[in-house]
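J.: This is the structure I want to talk about, given as structure tokens.
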Amino acid sequence: MKKYRVRADAKIELKDFSPDDKSEFDGDKNQAKTALDELTDELDDLQERLYAESKRAVLIVIQAMDTGGKDGTIRKVFGNINPQGCRVTSFKAPTSTELAHDYLWRVHAALPRRGEIGVFNRSHYEDVLVVRVHNLVPKEIWEKRYEHINAFEKMLSDEGTTIVKFFLHISKEEQAKRLQERIDTPDKHWKFNPNDLKERALWNEYQHAYQDVLNKTSTDHAPWYIIPANRKWYRNLVVARIARDTLKHLNPKFPEANVDFSKIVIK
Ligand code: AMP
Ligand code: MG
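Pasting the structure below:
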């Protein structure tokens, strides 16, 4: 999965990453489903150990253009984890209370506790994406945020939170298909937001803002992965593998019992 990781010293261009790539899996869609089931079982098992150990936390950040598949990825990849140990937070436009604080305030409050996996559906990165593209604050303000974010994530990492960030990369054509599908399918109407069309018109500005995020904030302690996301099954598989590998690397262990079980008799 290394090929999808943005190296800390790299200078990437998004156009060099194909949203259609599926080179890391040989099988077809059905085989991918079986592989995903195995991975999500493994994730559930690893998360139980993380929870029992209660010493470290994992933060998964998911960002994408509209229709990029954030909701679907969370459901399919993290939906099998015990909800007691997994906390999903969706970041919307900030409320007046949130706006009365610095932009990291609401993020800090939503972080996973030790033993938990936290999944962010959108995140503090919106503060250098939508905020930048729509000039919601002046450039002098947002351009300093990459540095804040890197320092914030370094602090979290030093204090025991492992961070992995996914950019679900779709093409503009794929977005058109998915928006059309939302219009054509009554059960998907609720997902259609007329505002998405205005955002789509800013496609190039967003790609540019994403490219800056990927180049400025992929670090050794909090790497970005660019996930080919035109095929949902491939996207899920790659995200699940990286999440599994991350947890496996942490190697969480059930704590040693401090009770002599040989002396206990249940009557
Ligand atoms: P959705 O993910 O479709 O529910 O939409 C959430 C909306 O909240 C998107 O339009 C985001 O751009 C917006 N949003 C999230 N974070 C921020 C932020 N920090 N500032 C402004 N808008 C935001
Ligand atoms: Mg939306």
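Residue numbers for the sequence shown, in the numbering used here: 3 to 269. C-beta atoms are modelled at their ideal positions from N, C-alpha and C, and glycine is treated no differently.
1. For residue 257, count the other beta carbons within 10 Å of its own beta carbon; 16 or more makes it buried, fewer makes it exposed. Which is it?
2. In angstroms, rounded to a whole number, what distance separates the CA positions of residue 49 and residue 198?
3. Between residue 128 and the ligand AMP, is there a pair consisting of the residue's CB and a ligand heavy atom that are separated by less than 7 angstroms?
4. Based on DSSP bridge pairs, tell me the residues matched to residue 60.
5. If you compare alpha carbons, which of 151, 134, 89 is closest to residue 62?
6. What residue does the beta strand (DSSP E) around residue 90 start on, and which one ends it?
7. Would the C-beta of residue 138 count as close to the ligand AMP, meaning under 7 angstroms from any of its heavy atoms?
8. Please report how far the alpha carbon of residue 179 lies from the alpha carbon of residue 240, in whole angstroms.
9. For the beta strand (DSSP E) that residue 274 lies in, which residues bound it at each end?
10. Pull up the distance between the alpha-carbon of residue 177 and that of residue 21, whole angstroms please.
11. Considering only the beta carbon of each residue, do residue 74 and residue 234 sit closer than 8 angstroms?
12. Does the beta-carbon of residue 67 have 16 or more other beta-carbons within 10 angstroms, so that it is buried, or is it exposed?
13. Please report how far the alpha carbon of residue 14 lies from the alpha carbon of residue 6, in whole angstroms.
14. For residue 185, does the count of other Cβ atoms within 10 angstroms reach 16, so buried, or fall short, so exposed?
15. Please determine, among 268, 145, 229, the residue with the shortest C-alpha to C-alpha distance to residue 19.
16. Identify which residue in 259, 253, 216 has its Cα closest to the Cα of residue 51.
17. If we ignore side chains and look at the alpha-carbon of each, how far apart do residue 302 and residue 42 end up?
18. For the ligand MG, I want to know if residue 189 counts as a neighbour, meaning its beta carbon is within less than 7 angstroms of at least one of the ligand's heavy atoms.
19. Go ahead and pull the three-state DSSP assignment for residue 108.
20. Between 112, 238, 159, which lies nearest to residue 169 when the distance is taken from Cα to Cα?
21. Between residue 166 and residue 53, what straight-line distance do the alpha-carbon atoms span, to the nearest angstrom?
22. Give me the residue from 118, 116, 193, 151 with the minimum Cα distance to residue 128.
23. Suppose the cutoff is 6 angstroms on Cβ atoms and the five residues either side in sequence are ignored; what does the same chain contact list for residue 82 look like?
24. Quick check: does the Cβ of residue 195 come within less than 7 angstroms of any heavy atom belonging to the ligand MG?
25. Whole beta strand (DSSP E) runs in the segment 173-202 with 3 or more residues, listed along the chain?
26. Mind checking which residues open and close the alpha helix (DSSP H) that includes residue 31?
T.: Considering the structure as presented:
1. exposed
2. 35 angstroms
3. yes
4. 119, 164
5. 89
6. 88-92
7. yes
8. 22 angstroms
9. Residue 274 lies beyond the residue range present for the chain, which begins at 3 and ends at 269; the question has no answer from this structure.
10. 11 angstroms
11. yes
12. buried
13. 11 angstroms
14. exposed
15. 229
16. 253
17. Nothing in the structure corresponds to residue 302, since the chain is present only between 3 and 269.
18. no
19. helix
20. 238
21. 18 angstroms
22. 151
23. 42, 46
24. yes
25. none
26. 31-55
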